[in-house]
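Colleague: Residue numbers (UniProt numbering): 8 to 442.
For every residue, glycine included, the Cβ atom is placed at its ideal position computed from N, Cα and C.
Keep in mind that this is a model prediction, so the values were computed, not measured.
Below you'll find the structure I mean.
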Ligand code: KIV
Ligand code: ZN
């Protein structure tokens with residue numbers, strides 16, 4: 008038999024999202040300290056969380072989910088300590104996650120006591136598998152869980168007028184739930200919270216487990232937006248995961264479908280295969296000419312913090328940040344890149360047009376030197392470039408051809424990448440140069 012059922016299509020025959028382009032960055036929320044932190048082997052201690060938080064602030068992230076205060080004393084104390092530490096700038100708002108249970112919601116508000124401004128993020132799962140298997144509840148009962156939680160949020164906020172409260176609701180498992188039911192639950196939550204266009208509620212639409220192609224998620228988002236009464240009193244937020252490897256694509260198409268905000272983690276940390284990678288998404292925008300308003304001009308510093316705090320290395324091929332992404336080993340690539348750099352300087356081109364490099368590494372604080380490296384796959388352009396940079400030696404074309412087999416032999420013999428000193432040694436040996 009067929010084990011997996013086909014994913015139901017969304018009844019949206021006149022979808023608009025394919026014709027929309029993204030012209031401005033969304034509101035970004037980093038959930039590195041919550042979704043990211045709950046998925047790592049050794050959760051961050053307060054020192055690591057503070058370091059991560061400071062880095063997020065430094066690169067310009069304005070909305071930061073800092074934890075799950077009702078999960079235990081460690082989380083509660085970190086959040087409370089953060090609020091009183093003076094490290095939350097006035098233009099940054101912290102967010103905390105809570106399940107929809109009265110005691111847990113009250114604990115969450117208590118952790119934020121003293122905050123200038125905060126977002127309380129309520130969630131409960133709405134899809135059939137969770138309703139039937141996890142909770143054994145009817146649709147009505149699941150809806151009432153959300154409404155009851157929203158009432159507690161509203162009342163707690165009213166009791167604490169010194170903080171500028173904002174509310175967020177996530178119909179968890181949105182992407183595998185019936186759209187009409189998600190709409191019904193969100194409408195009920197909105198009725199309870201009575202948002203206005205000036206004080207909107209954030210409705211966050213999770214692909215808790217990515218289960219379909221990204222176009223389907225975008226259809227779901229567009230359908231939701233088009234059928235949500237009082238849409239102008241809601242901020243539509245996207246929360247994608249990467250189970251099918253398309254978490255970023257889903258968030259990008261979701262923005263085209265009309266959403267306002269994106270939640271994710273740096274370098275795609277998060278549950279299982281991770282959340283939408285905010286680095287990839289922001290820099291995809293950057294290469295399309297949109298300032299994402301997150302500063303990755305020193306990406307190595309960001310990587311250092313992320314790797315230290317998560318204890319997970321950033322993959323060498325990770326878009327934009329990986330160690331190897333500005334490196335060309337093959338001769339034809341090296342030659343084209345070299346010509347691209349030369350043309351760039353000569354023609355003072357308005358737009359970046361270096362072959363094989365979709366972004367100027369210098370924009371991320373990376374250097375050009377790392378671009379051309381030499382191994383047994385490299386052509387003449389590669390070692391010629393390295394010799395020129397390292398020794399100021401400009402080899403004529405004929406000499407490059409003559410020297411090439413020496414380089415290849417050395418690379419084959421050593422079985423590894425050749426460094427600049429290796430190449431210089433091969434050159435001295437080949438031409439009997441004494442130093
Ligand atoms: O993936 C998810 O559904 C979540 C929610 C709690 C927003 O992380
Ligand atoms: Zn999540």
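Span of the beta strand (DSSP E) holding residue 174?
Modeller: Counting from one through the chain shown, the residue named residue 174 turns up at place 167. It spans 171-179 - the beta strand (DSSP E) in which residue 174 sits, taken as one unbroken run.
Colleague: Anyone know if the C-beta pair for residue 333 and residue 287 falls short of 8 Å?
Modeller: The count along the chain shown starts at 1 and reaches residue 333 at position 326. The count along the chain shown starts at 1 and reaches residue 287 at position 280. Cβ atoms of residue 333 and residue 287: not closer than 8 Å.
Colleague: Hey, residue 453 and residue 128: beta-carbon distance below 8 Å or not?
Modeller: Absent from the model: residue 453. The displayed extent of the chain is 8 to 442, so no value can be given.
Colleague: With distance defined between alpha-carbon atoms, name the residue in 398, 366, 47 nearest to residue 318.
Modeller: Locating residue 318 in the chain shown gives position 311, where the first residue counts as 1. Closest by alpha carbon: 47.
Colleague: Kindly give me the distance between the Cβ atoms of residue 121 and residue 277, rounded to whole angstroms, as I take these residues to be in contact under 8 Å.
Modeller: The residue you call residue 121 lines up with position 114 of the chain shown. The residue you call residue 277 lines up with position 270 of the chain shown. Not a contact, Cβ separation roughly 29 Å.
Colleague: Between 143, 174, 147, which lies nearest to residue 159 when the distance is taken from Cα to Cα?
Modeller: What you label residue 159 is simply residue 152 of the chain shown in a count that begins at 1. Cα-wise, what sits closest to residue 159 is 174.
Colleague: So what does DSSP say about residue 359, is it helix, strand or coil?
Modeller: Counting from 1 along the chain shown, the entry for residue 359 is found at position 352. Correct three-state label for residue 359: coil.
Colleague: Would you list the residues sitting across from residue 35 in a DSSP beta bridge?
Modeller: Position 28 of the chain shown, counting from 1, holds the residue named residue 35. 269.
Colleague: Using DSSP with H/G/I as helix, E/B as strand and the rest coil, what is residue 278?
Modeller: Locating residue 278 in the chain shown gives position 271, counting from the first residue. Coil at residue 278, not helix or strand.
Colleague: For residue 65, tell me which candidate among 45, 281, 37 has the shortest Cα-Cα distance.
Modeller: Position 58 of the chain shown, counted from the first residue, corresponds to residue 65. Looking at the Cα atoms, 37 is the closest of the given residues.
Colleague: May I have the straight-line CA-CA distance separating residue 231 from residue 330, to the nearest angstrom?
Modeller: What you label residue 231 is simply residue 224 of the chain shown in a count that begins at 1. What you label residue 330 is simply residue 323 of the chain shown in a count that begins at 1. The alpha-carbon atoms of residue 231 and residue 330 are separated by roughly 40 Å.
Colleague: Here's a check: name, in chain order, each residue in its chain whose Cβ is nearer than 8 Å to the Cβ of residue 364, leaving out the five neighbours to either side.
Modeller: Here residue 364 is taken as the residue at index 357 of the chain shown, counted from 1. Contacts found: 333, 344, 347, 378.
Colleague: Can you give the Cα-Cα distance for residue 31 and residue 255, rounded to whole angstroms?
Modeller: Your numbering for residue 31 matches position 24 in the chain shown. Your numbering for residue 255 matches position 248 in the chain shown. The alpha-carbon atoms of residue 31 and residue 255 are separated by roughly 17 Å.
Colleague: Is the CB-CB distance between residue 182 and residue 218 below 8 Å?
Modeller: Taking the first residue of the chain shown as position 1, residue 182 is located at position 175. Taking the first residue of the chain shown as position 1, residue 218 is located at position 211. Taking 8 Å as the Cβ cut-off, residue 182 and residue 218 qualify as a contacting pair.
Colleague: Between which two residues does the beta strand (DSSP E) containing residue 72 stretch?
Modeller: For the purposes of this step, residue 72 is taken as the residue at position 65 of the chain shown. That run of the beta strand (DSSP E) goes 70-74.
Colleague: Out of 152, 429, 299, point me to the one whose CA is closest to residue 397's CA.
Modeller: Residue 397 sits at position 390 when you count from the first residue of the chain shown. Ranking 152, 429, 299 by Cα distance to residue 397 puts 429 first.
Colleague: Run through DSSP, which three-state label would residue 30 get?
Modeller: For the purposes of this step, residue 30 is taken as residue 23 along the chain shown, with counting starting at 1. Coil at residue 30, not helix or strand.
Colleague: Could you have a look at residue 44 and say whether DSSP puts it in helix, strand or coil?
Modeller: Numbered from its first residue, the chain shown carries residue 44 at position 37. Helix.
Colleague: Assuming residue 240 contacts residue 196 under a Cβ cut-off of 8 Å, what Cβ separation, rounded to an integer in Å, is found between them?
Modeller: For the purposes of this step, residue 240 is identified with residue 233 of the chain shown, where counting begins at 1. For the purposes of this step, residue 196 is identified with residue 189 of the chain shown, where counting begins at 1. Not really, about 12 Å apart at Cβ, beyond 8 Å.
Colleague: I need the DSSP call for residue 439, collapsed to helix, strand or coil.
Modeller: Counted from its first residue, the chain shown places residue 439 at position 432. It is coil, neither helix nor strand.
Colleague: Between which two residues does the alpha helix (DSSP H) holding residue 354 run?
Modeller: To locate residue 354, count along the chain shown from 1; it is residue 347. Looking at the DSSP string, the run of the alpha helix (DSSP H) that includes residue 354 is 338-354.
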